[in-house]
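Engineer: Sharing a structure here in structure tokens format.
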Amino acid sequence: ALPILERTEGIDPFKSLNPGKMHACGHDGHTTMLLGAASLLKEMEDSINGTIRLMFQPAEEGGAGSKRMREEGVLTQEPKPQHAFGLHVWPTIPTGTIASRPGPILAACERFEIQIAGV
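Here it is, written out as structure tokens:
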């Protein structure tokens, strides 16, 4: 826990029981995003051609997590991945915003195009 006063409202069952201490790391958000993606992908499973492998990288801060995942074969087990996509929370970006910039950001990356429809 971090020495932070938790100021969340409406989610009391998840709030720290210790005033002035909060589990405020981004892994909670990352896990939630991955599970949300898994749920959405499962709903459309019949329309997906191929295999989707969901990965959660432990210990990403120091790089050891991805190194161990590679050593354990996450990229070489069959079927081998043809594409990989990653994302990371960024607390200074407003909720509901997707942000990027040209070139690598927060990690190495490849180029891709995305089209977003809606409001």
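Throughout, our numbering is defined as the position within the sequence shown, counted from one, plus 4.
Here a beta-carbon is modelled for each residue, glycine too, at the ideal position from N, C-alpha and C.
Treat the numbers as computed from the prediction; the structure is a model and nothing was measured.
Starting from the C-beta of GLY24, find all residues in its chain whose C-beta is less than 6 Å away, skip the five residues before and the five after it, and write them out in chain order.
Structural biologist: Numbered from its first residue, the sequence shown carries residue 24 at position 20. Around GLY24: LEU9.
Engineer: Alpha helix (DSSP H) containing HIS31: first to last residue?
Structural biologist: As a working note, residue 31 is residue 27 in the sequence shown. Looking at the DSSP string, the run of the alpha helix (DSSP H) that includes HIS31 is 31-47.
Engineer: Among LYS46, PRO106, THR55, GLN119, which residue has its Cα nearest to the Cα of GLN86?
Structural biologist: What you label residue 86 is simply residue 82 of the sequence shown in a count that begins at 1. The candidate whose alpha carbon is nearest that of GLN86 is THR55.
Engineer: I need the DSSP call for MET26, collapsed to helix, strand or coil.
Structural biologist: What you label residue 26 is simply residue 22 of the sequence shown in a count that begins at 1. Three-state DSSP puts MET26 in a strand.
Engineer: Between LEU38 and PHE60, is the Cβ-Cβ spacing less than 8 Å?
Structural biologist: Translated into positions along the sequence shown, residue 38 becomes position 34. Translated into positions along the sequence shown, residue 60 becomes position 56. Taking 8 Å as the Cβ cut-off, LEU38 and PHE60 qualify as a contacting pair.
Engineer: CB-CB under 8 Å to ILE102, same chain, minus the five flanking residues each way: which ones, in chain order?
Structural biologist: Locating residue 102 in the sequence shown gives position 98, where the first residue counts as 1. Excluding residues within five positions, the ones whose Cβ falls inside 8 Å are ILE120.
Engineer: Can you list, in chain order, the residues of its chain whose CB lies under 8 Å from that of GLY33, leaving out five sequence neighbours each side?
Structural biologist: Against the sequence shown, residue 33 aligns to sequence position 29. Same-chain partners within the cutoff: VAL93.
Engineer: Looking at LEU6 and ALA28, is the spacing between their C-beta atoms short of 8 Å?
Structural biologist: Indexing the sequence shown from 1 puts residue 28 at position 24. Indexing the sequence shown from 1 puts residue 6 at position 2. The answer is yes: Cβ separation under 8 Å.
Engineer: Please work out which residues of its chain come closer than 7 Å, Cβ to Cβ, to CYS113, disregarding the five sequence neighbours upstream and downstream, and give them in chain order.
Structural biologist: Start at 1 with the first residue of the sequence shown, and residue 113 comes out as number 109. In this predicted model, CYS113 has a pLDDT of only 48, less than 50, meaning its place in the structure is not dependable; the value taken from the coordinates is given anyway. Taken in chain order, the list of residues that qualify is empty.
Engineer: Since ILE52 contacts LEU45 with CB under 8 Å, what's their CB separation in whole angstroms?
Structural biologist: Looking up residue 52 in the sequence shown gives position 48. Looking up residue 45 in the sequence shown gives position 41. Going by Cβ atoms, the distance from ILE52 to LEU45 rounds to 7 Å, so yes, they are a contact pair.
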